[in-house]
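Comments concern the structure below.
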Amino acid sequence: GLDAPPAEPDDLGAALFDLFARQALLAGETTAPFLWGGSFEVLRNLHEHADVDVGQLGSGIAGVPVTTSLKVGGSLPLAAQYLNCPAGTRAACDDESLQFDGTCWIERSDFVPETPQLDPMPVAPSALGWRAHQLRGYTLAYNVLNAVYDALDRFSVVTITEGFPLPDEDWHVGPHVTNILDKVRSLSESDAPHCFTLKEKMGLPQRLCKSALRGRTEYTPRADPASTSIRGALDDSQRPDDPPGPLYKGDDIENPLAIVPDCE
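Take 1 as the starting number for the sequence shown in the numbering used here and just add one per residue.
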């Protein structure tokens, strides 16, 4: 259920999460991300030995109305439907038709795809439905808004008591970020071992745990793909003479399953 604590990843999962977390931290020079969720041991090591800001989100299920039956669930506000389900209705609430909207392609008159489109899209056994993701999004947003409120409150208190401008130490995060980056690059295998085990598990060099990776992808659509995608790393001799363009033009047709009902 959604009220169960998150499962701790296995050794390989923790090692990969450690690599991901370090790359996220080392990716920028002026900001450092707040790491939400993941392996508790990895988060603890990064916090204790590199001063990284970390946290674990609760389920957000407290206070969500109970779906005692499918009929009751359908009468609840959209954001609360089929989420807080007791044992008697859990199986019914987990039905794919209630938790997943797998229709991606909407038929249109001006274009017929050569490849038949799956409808609905297949669902992985471990996947969470959109309702659970929405609840987690609300939970994360609540924490972010609370942090913004605290920051505005401190801004108000400090400027009222000390006057304008706000002192640098109350809003500049440069030294804090630099401290984190330096300590992440200096993490030892004894203090934070998970990432370093990837050399034995997957043959990855240990320097990946201390050095930022840089890369580009071909994800589309994007602005100015010739210079911002992976094609931007090619020289003129490697560029195709006739690069592929979009399969069709114009706006996508609105997906009925993605429309939020009025007053919700």
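C-beta: ideal position from N, C-alpha, C; glycine also. All values reported here derive from a predicted model rather than from experimental measurement.
- Item | Run of the alpha helix (DSSP H) containing G232, from where it starts to where it stops | As a first step, residue 232 is located in the sequence shown; it is residue number 232 there, counting from the start. Unbroken run through G232: none, as it is neither H nor E.
- Query: When the distance is taken between beta carbons, is L19 closer than 8 angstroms to G37?
  - Reply: Within the sequence shown, the letter at position 37 stands for residue 37. Within the sequence shown, the letter at position 19 stands for residue 19. Using a Cβ distance threshold of 8 angstroms, G37 and L19 do not count as a contacting pair.
- Task: With a 10 Å radius around its C-beta and 16 neighbouring C-beta atoms as the bar for buried, classify N179 as buried or exposed.
- Result: Start at 1 with the first residue of the sequence shown, and residue 179 comes out as number 179. With fewer than 16 other beta carbons inside 10 angstroms of its own, N179 counts as exposed.
- Does the separation of the CB atoms of V52 and H194 fall below 8 angstroms? As a position in the sequence shown, residue 52 is number 52, starting the count at 1. As a position in the sequence shown, residue 194 is number 194, starting the count at 1. In this structure, H194 does not lie closer than 8 angstroms to V52 by Cβ.
- How would you label T67, buried or exposed, when you count the other beta carbons within 10 angstroms and need 16 or more for buried? One-based indexing of the sequence shown puts residue 67 at position 67. By the C-beta density criterion, T67 is buried, having at least 16 other C-beta atoms within 10 angstroms.
- By the 10 Å Cβ neighbour count, where 16 or more other Cβ atoms means buried, how is F111 classified, buried or exposed? As a working mapping, residue 111 is identified with position 111 in the sequence shown. Burial call: exposed.
- At a Cβ threshold of 8 angstroms, is G28 touching chain C? Here chain C cannot be found, since the structure has a single protein chain.
- Item | 4 or more residues per run - each alpha helix (DSSP H) lying fully within the region 92-135 | Within the region 92-135, the complete alpha helix (DSSP H) runs of at least 4 residues are 96-99.
- DSSP puts N84 in a beta bridge; with which residues? In the sequence shown, counting from the first residue as 1, residue 84 sits at position 84. DSSP, once it has assigned bridges, lists V66 as partnering N84.
- Message: Using the Cβ count rule (16 or more neighbours within 10 Å means buried), how would you classify R154?
- Response: One-based indexing of the sequence shown puts residue 154 at position 154. The C-beta of R154 has fewer than 16 other C-beta atoms within 10 Å across all chains shown, which makes the residue exposed.
- Item | Best match in N255, A21, R44 for proximity to P120 [C-alpha to C-alpha] | Here the question's residue 120 lines up with position 120 in the sequence shown. Looking at the Cα atoms, N255 is the closest of the given residues.
- Message: I'd like to check one pair, L83 with R131: are the Cβ atoms closer than 8 angstroms?
- Response: As a working mapping, residue 131 is identified with position 131 in the sequence shown. As a working mapping, residue 83 is identified with position 83 in the sequence shown. For R131 and L83, yes; Cβs fall inside 8 angstroms.
- Message: Can you list, in chain order, the residues of its chain with a C-beta nearer than 7 angstroms to that of P9? Leave out the 5 residues immediately preceding and following it.
- Response: By 1-based counting over the sequence shown, the position of residue 9 is 9. By the criterion of a C-beta distance shorter than 7 angstroms, P9 is surrounded in its chain by F17, S39, once the five residues flanking it on both sides are discounted.
- R108 versus G250 - alpha carbon distance: On the sequence shown, residue 108 is found 108 positions in, with the first residue counted as 1. On the sequence shown, residue 250 is found 250 positions in, with the first residue counted as 1. One C-alpha to the other measures close to 11 angstroms.
- In whole angstroms, what separates the C-alpha of L46 from that of G60? Locating residue 46 in the sequence shown gives position 46, where the first residue counts as 1. Locating residue 60 in the sequence shown gives position 60, where the first residue counts as 1. L46 and G60: Cα-Cα distance of roughly 25 angstroms.
- Item | Rounded separation between S188 and N146 - CA only | Within the sequence shown, residue 188 is the residue found at index 188, counting from 1. Within the sequence shown, residue 146 is the residue found at index 146, counting from 1. Near 34 angstroms, if we compare the C-alpha coordinates of N146 and S188.
- Query: Between T31 and S211, what straight-line distance do the alpha-carbon atoms span, to the nearest angstrom?
  - Reply: Locating residue 31 in the sequence shown gives position 31, counting from the first residue. Locating residue 211 in the sequence shown gives position 211, counting from the first residue. Distance from the CA of T31 to the CA of S211, rounded to the nearest whole angstrom, comes to 16 angstroms.
- Message: So, with DSSP's three-state summary, where would you put L140?
- Response: Working through the sequence shown from its first residue, we reach residue 140 at position 140. In this structure, DSSP gives L140 a helical state, which the three-state scheme calls helix.
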